[in-house]
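K.L.:
Going down the list, the protein sequences come from chains A, B, C and D. Take this note's numbering: the last position of the first sequence gets the number 508, and nothing is skipped along the way. Take this note's numbering: the last position of the second sequence gets the number 508, and nothing is skipped along the way. Take this note's numbering: the last position of the third sequence gets the number 508, and nothing is skipped along the way. Take this note's numbering: the last position of the fourth sequence gets the number 508, and nothing is skipped along the way. No residue lacks a Cβ here, since even glycine has one placed at the ideal position from N, Cα and C. This is the structure, below, for whatever I ask next.
There are 4 protein chains.
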Amino acid sequence: MISTYDPEELHEECGVFGVYDLDGADVAPSVYYGLSALQHRGQESCGIAVSDTNGPKGVVKSVRDMGLVNEVFSKDRLDSLKGNIGVGHVRYSTAGASVRENTQPLVINYIKGTLGLAHNGNLVNAPELRQELAMTGAIFQTTIDTEVIAYLVARERLNAPSVEGAVKNAMAKLKGAYSLVIMSPRKLIGARDPWGFRPLCIGRRDNTFFFASESCALDAVEAKFIRDVEPGEIVTINREGQIFSDRSMAIKKPAHCIFEYIYFARPDSRIDQVSVYNSRIMAGKILAEQHPVKADLVTGVPDSGNVAAMGFALGSGIPYGMAFVKNSYVGRTFIKPKQSARESGVRIKLNVLEDAVKGKRVVMVDDSIVRGTTSARIVKMLKDAGATEVHVRISAPPFLYPCYFGTDVPSSDQLIAHNHSIEEICRLIGADSLGFLDGSRLAELMDGNTNYCDACFSGNYPVPPPEGDIRGEC
Amino acid sequence: MISTYDPEELHEECGVFGVYDLDGADVAPSVYYGLSALQHRGQESCGIAVSDTNGPKGVVKSVRDMGLVNEVFSKDRLDSLKGNIGVGHVRYSTAGASVRENTQPLVINYIKGTLGLAHNGNLVNAPELRQELAMTGAIFQTTIDTEVIAYLVARERLNAPSVEGAVKNAMAKLKGAYSLVIMSPRKLIGARDPWGFRPLCIGRRDNTFFFASESCALDAVEAKFIRDVEPGEIVTINREGQIFSDRSMAIKKPAHCIFEYIYFARPDSRIDQVSVYNSRIMAGKILAEQHPVKADLVTGVPDSGNVAAMGFALGSGIPYGMAFVKNSYVGRTFIKPKQSARESGVRIKLNVLEDAVKGKRVVMVDDSIVRGTTSARIVKMLKDAGATEVHVRISAPPFLYPCYFGTDVPSSDQLIAHNHSIEEICRLIGADSLGFLDGSRLAELMDGNTNYCDACFSGNYPVPPPEGDIRGEC
Amino acid sequence: MISTYDPEELHEECGVFGVYDLDGADVAPSVYYGLSALQHRGQESCGIAVSDTNGPKGVVKSVRDMGLVNEVFSKDRLDSLKGNIGVGHVRYSTAGASVRENTQPLVINYIKGTLGLAHNGNLVNAPELRQELAMTGAIFQTTIDTEVIAYLVARERLNAPSVEGAVKNAMAKLKGAYSLVIMSPRKLIGARDPWGFRPLCIGRRDNTFFFASESCALDAVEAKFIRDVEPGEIVTINREGQIFSDRSMAIKKPAHCIFEYIYFARPDSRIDQVSVYNSRIMAGKILAEQHPVKADLVTGVPDSGNVAAMGFALGSGIPYGMAFVKNSYVGRTFIKPKQSARESGVRIKLNVLEDAVKGKRVVMVDDSIVRGTTSARIVKMLKDAGATEVHVRISAPPFLYPCYFGTDVPSSDQLIAHNHSIEEICRLIGADSLGFLDGSRLAELMDGNTNYCDACFSGNYPVPPPEGDIRGEC
Amino acid sequence: MISTYDPEELHEECGVFGVYDLDGADVAPSVYYGLSALQHRGQESCGIAVSDTNGPKGVVKSVRDMGLVNEVFSKDRLDSLKGNIGVGHVRYSTAGASVRENTQPLVINYIKGTLGLAHNGNLVNAPELRQELAMTGAIFQTTIDTEVIAYLVARERLNAPSVEGAVKNAMAKLKGAYSLVIMSPRKLIGARDPWGFRPLCIGRRDNTFFFASESCALDAVEAKFIRDVEPGEIVTINREGQIFSDRSMAIKKPAHCIFEYIYFARPDSRIDQVSVYNSRIMAGKILAEQHPVKADLVTGVPDSGNVAAMGFALGSGIPYGMAFVKNSYVGRTFIKPKQSARESGVRIKLNVLEDAVKGKRVVMVDDSIVRGTTSARIVKMLKDAGATEVHVRISAPPFLYPCYFGTDVPSSDQLIAHNHSIEEICRLIGADSLGFLDGSRLAELMDGNTNYCDACFSGNYPVPPPEGDIRGEC
């Protein structure tokens, strides 16, 4: 038996959420809702930590475990989390470190009481920092970068006048991607690396303040989106409701992950002032312009290809239509019992709408091709159902390089585009034509903003990648 | 805390599946896949029963429990189910009888060995039959109709020459809806009530035969659709691979549930020779013809409204587009912690794509309005996001009467259309206009076939409803 | 890995409990306590069924599952069981039928509403009764005798004026061992087979009445022991608190299971007017008289051999002492990971007190020898610890015949005493001498009462055993 | 509902176990057996960590969770723990810190790879050490002393030539009680504080070496007891099977916890060359000599009072006998549903053997009186059962002072002996006489060895207690 973990699918490596209710009400339900809305960013484990800013200092209650938000948090567990300040985390990790020890938020005791930390992103210098800390006697109980960050904050706090000051000094040593939400006994802090790789935004509902990886999580708690935390910015909310911003770590040229727009983020989110929905519509339109084709139907590979497919339809004038049914009950824990060779389990997750595609020339829009096997499978499904032609359009350039900033784009040798020309790929997946979005047009996905990271396509890493291809973990 | 059970949503009350591998291989994995594909028909409990037609007679192994298919069936549990003939069941029930005793398949010992029964539908004369049986000393351990059917089959078997003969004699006493898959020590039987209310079809893969509520489940096991079991037909497969059909219970005018096409079934299924997908496209087209409106965007309420919305788009020429994001991680067991009045949990399950609807006149297509509260909520969401007009189109006539044949359309007093005019409903849900599919056009959803049941809309019950509004249970 | 199920140990096959609170308070907590005190009679599964005699007729709530009482009944599950009348059951079964379907109490609907039945014992004519019932169309969902009994009661109720009358008429057809507690919508009934094989007693606390397999369960709920239900007696308690007794099924010569005194029952119970404690002390004294030996220490194999060992000490004048430590944390579900041959897991469950036995001649008292392997192991343990002599004394005659009345004494060919002389057994277990209680003295264990069943020792079955060695199941 | 946690009972705060199989076989099964035998030392949580000394350095697999050993370790979980070196832990904690974060063994990464640590005991200077570490930037993820120890070892390792050298240097800073088993990538280390408060011994089976809190755990794995780790000694076993001993931290006057002999340890253990069984027999004899009484029966409160009761019987000539039945199925997780005042749940756990005590003058021997309520309850039970006199004898002096070295003897104000004279206690518990063991005789329990700690009785703390009555946690 094998799980349905699909190596073809790319995985984000975390979502973070934070709340501070200045009126003193319990925030665990809000974190629960917020994490549910961020579940697409990590389905492996999750956790919530809360404390009461009006109670004794440093008492943090937390629950962390493997599983989806609604698997981990029963009514009893949520009820046990009393407190008006809280942070939460959803996580995806590489298989090797999928253990309970690595779940977040990380809760630590240090010289000034307690901290709860939730982190999204990967550091490129985590090994060096660990080594450096170990050289002075540090011990590590996890393999996540968050623990390194916590250590640095704790050490810097010895000489910094405030926890936010310590965060700033720690940031001076961190290289790579991190969006952080940190809860001290009396403050809630949101911080983002100077490149702004991973998203983080601020929301508000009456006297309650929020940090969230994506704005869709603010919608889930009926909070109003205020603004993004800026690259390199540290935003601190204190008990009096004052908000302080420190932008001294900002750099000139941020590098937002372009793939958040293309694939990771939910289309109802707005990141760094750009609507993810609009971004995908635009990607589809560009594709239609760059790779036109005569066809009867444009369809998206659910769920991530749907919006770009609509963009393609808008751009090309070819009607958009559903061609697939996705089984939403088949989740991460679905087992695939091995049976006859005939019973592959392929059509459990995704089935084709024969009557929608029979006798038609189909444009199939997807967000990426990693190894190519999934695309080949789906193209075949369409043809078996009677599609006369299948034209594949990918709303991103080909993956050529690994990512060190928080996603699991694999090593080059596993990337089909690294080893094959586009023509070869087209043939391997059985398509009648294949077109990728041209890398030169990526800025259009961000309304013309050129401060993005496209290293997985271009190899232009905004921060030098770590030696030995060792990636951090969040 | 309350669960996310949504009284606005209609619930099917079961799906059935059966397999017979004449070559002797284990069938539990196939049943598992088949039930996964039928999960939309019942998410409350499920079960699999298998036996070995070449082993000692009457040894049945079964696992039944509350939960989704992939929650109930671990690798170990599936591995324990050895046998080459099997039946499976997924179930939704009214809250009152949501107990483990009522899970299916029902496995019984009787004079001729064992039977495993899986049943979809509701009898209208279950109470009378129970009373009759009790008068001769019968005892009941469940409250499901399946137990009544099992009793009748067992009693008829005393005088019938075969199990399929006993099924036939039992059917003579059953009134109402039932699609049955029955496994005896050496035979697999599929049977359908004379009205053909609920679907049931036959599939084959090499030497393996299948019965399934919907053809999408055959796709899941890579089997080929052979044909529907006909209304009133009993199909028997024996150990030699012979297939016998008994149509002597057939009647002149079957009455297929029209709501299977409109809502219950998966669009990739084909029922009684009609594609569900085509049926919904047609519903949308008729709506566009009957209730035209000037608008900028047609959208469907996910997931059930999407295909009809595309039909509306095709019929009207207004472009189709997604307007919502559905959170597929929010399942049946999701808890809604009570928090402030502000945090309603409404936007956890469904959020609106602001950039898709802002400034637009939107046609929102849905399959039904039950109590009206959900529709009102979604209309408001669209308007809050900037839609200038919201025109609601329902791809079915208004619900006016309860269903006694296997769905949970509630009693009349809870149906908004029973107590309000269409104008009133339009006002109550905050729409700018509202149009229902006209009942006179329903045959078009079935390619002109008029053998359908539309009792929930028309009150024309093909079988007289039970006294006292007592419904059966599957 | 193997479980710690020890084939050497004999297993009782059930305990029953019933409560009726005439003041209307919930009884589930009492049943929970009562079953906990009866847990030694069955550790495989358990269940509680309750109903409210002042509520609507026939509404029974029940929870039944595999596991110990405190594993199955969480706070939530107990809280859900509202009602002032209830029955409970603990069960041990042979491995083959250790499935949830067979858990008790059995709850049925029949012509007069509902019944909850809890049963201890084995029928010898269950197969015939099943066959007879099946011939009239009965269906069976379990393999337990309780279902047969329920059927008979339901059928007899058609012609009997009351449920207790139906129980009486059903009893006329039952052959074998049964102690029953039955709950109808308004009555609680305790009944015992005419031979009185298995115990059942009546207790009272204010306006609350109890039935229990053993009096120790009455102590657990602070109830006063009233009297035993007599062999063949049916005791009915109605809503007015009236108690009716029907002794018309009584026979002249009951046959109480003598092994309840020797092993099964708790020493703090009193059964059929005889203290189990006194009975075991007497067994030890008789042993000391029949099989005297010179020794320094008398010890019992925990826990069942301890009281008889004390009796031996009293009878012989040799001092009693503990020689073993039993690990009470090693329960039914303890796994035995296979490791080196050296690591047998033997001393996990039982270890010897070296300093108590070193250099001593030890008399080791146990209740039985089934296959002999356990005895051999323990004798070796004592010798390894330095005991100079080990004299084994068994407080029962040798097992020679299987039991068909509710215990799992195995078939003759598996009984060491069936195939070996006492001298041979002594040698096989490595003892210096071996003495069994003489069967002629068994009446002394019951204060001179000769109405006991010793069929497992003598082969004198009070009821003819079933053909084909097929045992019933409770 | 309340749990059965009984504040009257004293709780040990941990047991440790370690194995090194030089032949390379997996040791997790051995640790599992060993921990099962030590379960009496901690029933709240447990854990096992293993690594492979022939595999890549620093890969540790561990499973830690709340629950008993056989609840936490399923077959699958044990199978996942591959490695030939391992440490294990069972834990009891005060309620406040009963969280998963605090389970052991603690597994850390540090400058030299990984360490797995299992610890029994309480430090008195943990707060100071934590403060000191925090002042240099340390972060803490648990509240257990083990983390402090791990930190010190890691820091000392920076300057020490070996891990055992680092342990030694760390020990120079630790004050209080600790028995440690530490696993480095290639070595297994057992160490004991200079006072030797908590036990730790060495065992061997062929090429496999063991450390265990008590020798009974060596019996469980069929290992031979070699010797105790001496107070202040560090024993290191390397990959070549060499054993190194460092006794340089030893002090002149160790202080073994005398209460290990009286209550905590299993009677089949031998600690610091004294048999626990003999020690308790001796305690009973001294009691008989110091507090003689005319009586008919000596009995022990199970299970801890039994051996001392036998000693009393030997000393006094009064016959020993069982007077109670203990329900071994009522464990730590047993809930006590609140019912009527009458149903206290008292007799669920312990019932009296009426026939053993009726009409008799009873000497009841127990190991301690903490708050007095349990004793009062049991005395009443005996009298209710017909005992004419009840003379209570306690095999220890009265508790007057709290313990800071690894047990939960509560604060003085909760100790009945702190606030009442012996006469008053006798009256409060309803006894006819009451006698405690005289503190002056304690050395006799250790064969004349005077190197014991009796601070809970005498207030003579071998190490000054911490300020503010703050106890450490293991």
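CA-CA distance, VAL497 (chain B) and MET205 (chain B)?
P.N.:
Along the second sequence, one-based indexing puts residue 497 (chain B) at 463. Along the second sequence, one-based indexing puts residue 205 (chain B) at 171. Using only the alpha carbons, I get a separation of about 14 Å.
K.L.:
Work out the CA separation of VAL310 (chain C) and ASP389 (chain D) for me, nearest whole Å.
P.N.:
Here residue 389 (chain D) is taken as the residue at index 355 of the fourth sequence, counted from 1. Here residue 310 (chain C) is taken as the residue at index 276 of the third sequence, counted from 1. For ASP389 (chain D) and VAL310 (chain C), the distance between alpha carbons rounds to 9 Å.
K.L.:
Mind checking which residues open and close the beta strand (DSSP E) that includes SER114 (chain A)?
P.N.:
Looking up residue 114 (chain A) in the first sequence gives position 80. It is not in any beta strand (DSSP E) - SER114 (chain A) carries neither H nor E in the DSSP assignment.
K.L.:
Looking at GLY440 (chain B): is its Cβ nearer than 7 Å to the Cβ of ASN136 (chain B)?
P.N.:
Translated into the one-based positions of the second sequence, residue 440 (chain B) becomes position 406. Translated into the one-based positions of the second sequence, residue 136 (chain B) becomes position 102. Taking 7 Å as the Cβ cut-off, GLY440 (chain B) and ASN136 (chain B) do not qualify as a contacting pair.
K.L.:
Name the residues in the region 283-317 of chain D whose C-beta lies less than 7 Å from a C-beta of chain C; which are they?
P.N.:
Going along the region 283-317 of chain D in chain order, one finds ARG300, PRO301, ASP302, SER309, TYR311, ASN312 with a Cβ nearer than 7 Å to chain C.
K.L.:
From LYS414 (chain A) to ALA329 (chain A), what does the alpha carbon distance come to, in whole angstroms?
P.N.:
For the purposes of this step, residue 414 (chain A) is taken as the residue at position 380 of the first sequence. For the purposes of this step, residue 329 (chain A) is taken as the residue at position 295 of the first sequence. Going from the Cα of LYS414 (chain A) to the Cα of ALA329 (chain A) covers about 17 Å.
K.L.:
Quick one: grab the DSSP three-state call for ARG189 (chain C).
P.N.:
Mapped onto the third sequence, residue 189 (chain C) falls at position 155. Note: ARG189 (chain C) maps to helix in three-state DSSP.
K.L.:
Please state whether DSSP places CYS22 (chain C) in a helix, a strand or coil.
P.N.:
For residue 22 (chain C) there is no data in the structure shown, the boundaries of chain C being 35 and 508.
K.L.:
Are ARG75 (chain A) and GLY92 (chain A) closer than 7 Å when you measure CB to CB?
P.N.:
Position 41 of the first sequence holds residue 75 (chain A). Position 58 of the first sequence holds residue 92 (chain A). Against a cut-off of 7 Å, the Cβ pair of GLY92 (chain A) and ARG75 (chain A) comes out as no contact.
K.L.:
From what residue to what residue does the alpha helix (DSSP H) around SER490 (chain C) run?
P.N.:
Here the question's residue 490 (chain C) lines up with position 456 in the third sequence. A small correction: the amino acid at residue 490 (chain C) is Cys; Ser does not occupy that position in the sequence shown. Element bounds for CYS490 (chain C): 489-492.
K.L.:
Does the beta-carbon distance from GLY334 (chain C) to ASN340 (chain C) come in below 7 Å?
P.N.:
Your numbering for residue 334 (chain C) matches position 300 in the third sequence. Your numbering for residue 340 (chain C) matches position 306 in the third sequence. Yes. Within cutoff.
K.L.:
Please report whether the beta-carbon of PRO500 (chain A) lies at a distance below 7 Å from any beta-carbon of chain B.
P.N.:
In the first sequence, the residue the question calls residue 500 (chain A) occupies position 466. So, not an interface residue.
K.L.:
Under the rule that 16 or more other beta-carbon atoms within 10 Å means buried, what is ALA129 (chain C), buried or exposed?
P.N.:
Counting from 1 along the third sequence, the entry for residue 129 (chain C) is found at position 95. Below a pLDDT of 50, predicted positions are generally treated as unreliable, and ALA129 (chain C), at 41, falls in that range; the measurement from the model is reported next regardless. Looking at its Cβ environment, which holds fewer than 16 other Cβ atoms inside 10 Å, ALA129 (chain C) is exposed.
K.L.:
In the region 273-327 of chain C, which residue ranges form an unbroken beta strand (DSSP E) of at least 3 residues, counting only runs that do not cross its ends?
P.N.:
Taking only runs of at least 3 residues, the beta strand (DSSP E) segments lying wholly in the region 273-327 of chain C are 277-280.
K.L.:
Checking 7 Å against the spacing of the C-beta atoms, do TYR486 (chain B) and ILE292 (chain B) come in under that value?
P.N.:
Locating residue 486 (chain B) in the second sequence gives position 452, counting from the first residue. Locating residue 292 (chain B) in the second sequence gives position 258, counting from the first residue. In this structure, ILE292 (chain B) lies closer than 7 Å to TYR486 (chain B) by Cβ.
K.L.:
In chain order, what residues of the region 385-404 of chain B put their CB closer than 9 Å to some CB of chain A?
P.N.:
The residues in question are ASN385, VAL386, LEU387, GLU388, ASP389, ALA390.
K.L.:
Using the Cβ count rule (16 or more neighbours within 10 Å means buried), how would you classify PRO90 (chain D)?
P.N.:
As a working mapping, residue 90 (chain D) is identified with position 56 in the fourth sequence. By the 10 Å Cβ count, PRO90 (chain D) comes out exposed.
K.L.:
Going by DSSP, which residues form a beta bridge with LYS360 (chain D)?
P.N.:
Along the fourth sequence, read from residue 1 onward, the residue named residue 360 (chain D) stands at position 326. LYS360 (chain D) is bridged to D:LEU384.
K.L.:
Tell me whether the region 225-241 of chain A and the region 256-275 of chain A touch, counting them as touching only if at least three CB pairs, one residue from each stretch, are closer than 8 Å.
P.N.:
Yes, the region 225-241 of chain A is in contact with the region 256-275 of chain A.
K.L.:
Name the two residues that bound the continuous alpha helix (DSSP H) containing THR407 (chain A).
P.N.:
Start at 1 with the first residue of the first sequence, and residue 407 (chain A) comes out as number 373. THR407 (chain A) -> alpha helix (DSSP H) spans 407-418.
K.L.:
Taking 7 Å as the cut-off, decide whether the C-beta atoms of VAL65 (chain C) and GLY122 (chain C) are in contact.
P.N.:
Within the third sequence, the letter at position 31 stands for residue 65 (chain C). Within the third sequence, the letter at position 88 stands for residue 122 (chain C). Yes, the pair counts as a contact, with Cβ atoms nearer than the cut-off.
K.L.:
Contact defined as beta carbons within less than 8 Å: I believe ILE236 (chain A) pairs with LEU208 (chain A). What is the distance between those atoms, to the nearest angstrom?
P.N.:
Stepping through the first sequence from its first residue, residue 236 (chain A) is reached at position 202. Stepping through the first sequence from its first residue, residue 208 (chain A) is reached at position 174. Rounded, the Cβ-Cβ distance is 21 Å, inconsistent with contact.
K.L.:
Using a Cβ-Cβ cut-off of 7 Å (strictly less than) and excluding sequence neighbours within five positions of THR422 (chain D), which residues of its own chain qualify?
P.N.:
Taking the fourth sequence and counting its residues from 1, one reaches residue 422 (chain D) at position 388. GLY393, LYS394, ARG395, listed in sequence order.
K.L.:
Count the CB pairs spanning the region 148-164 of chain D and the region 474-492 of chain D that are closer than 8 Å, and state whether there are at least three.
P.N.:
No, the region 148-164 of chain D is not in contact with the region 474-492 of chain D.
K.L.:
Would you report the Cα separation of ASP472 (chain B) and ASP400 (chain B), rounded to the nearest angstrom?
P.N.:
Here the question's residue 472 (chain B) lines up with position 438 in the second sequence. Here the question's residue 400 (chain B) lines up with position 366 in the second sequence. Rounded to whole angstroms, ASP472 (chain B) to ASP400 (chain B) spans 15 Å at the Cα level.
K.L.:
Using a 10 Å radius around the Cβ and a threshold of 16 neighbouring Cβ atoms, would you call MET169 (chain C) buried or exposed?
P.N.:
Residue mapping note: residue 169 (chain C) aligns to position 135 of the third sequence, counting from 1. Exposed, since its Cβ has fewer than 16 Cβ neighbours within 10 Å.
K.L.:
Give me the Cα-Cα distance between CYS250 (chain A) and ASP418 (chain B), rounded to the nearest whole angstrom.
P.N.:
Against the first sequence, residue 250 (chain A) aligns to sequence position 216. Against the second sequence, residue 418 (chain B) aligns to sequence position 384. If I take the Cα positions, the gap works out to 15 Å.
K.L.:
Take the Cβ of PRO195 (chain B) as the centre, count every other Cβ of all protein chains shown within 10 Å, and call the residue buried at 16 or more, exposed below.
P.N.:
The residue you call residue 195 (chain B) lines up with position 161 of the second sequence. Exposed is the call here.
K.L.:
Establish whether the CB of CYS235 (chain C) and some CB of chain D are separated by less than 7 Å.
P.N.:
The residue you call residue 235 (chain C) lines up with position 201 of the third sequence. No, its Cβ sits nowhere closer than 7 Å to a Cβ of chain D.
K.L.:
I want to verify the contact list: residues of chain D whose CB lies under 7 Å from the CB of GLY365 (chain C), in sequence order.
P.N.:
To locate residue 365 (chain C), count along the third sequence from 1; it is residue 331. In chain order: ASN104.
K.L.:
How about ALA477 (chain B): is its C-beta nearer than 7 Å to some C-beta of chain C?
P.N.:
Locating residue 477 (chain B) in the second sequence gives position 443, where the first residue counts as 1. Answer no: the Cβ-Cβ gap between ALA477 (chain B) and chain C never drops below 7 Å.
K.L.:
If you run the structure through DSSP and keep just helix, strand and coil, what is THR180 (chain D)?
P.N.:
As a working note, residue 180 (chain D) is residue 146 in the fourth sequence. Reduced to three states, the DSSP call for THR180 (chain D) is helix.
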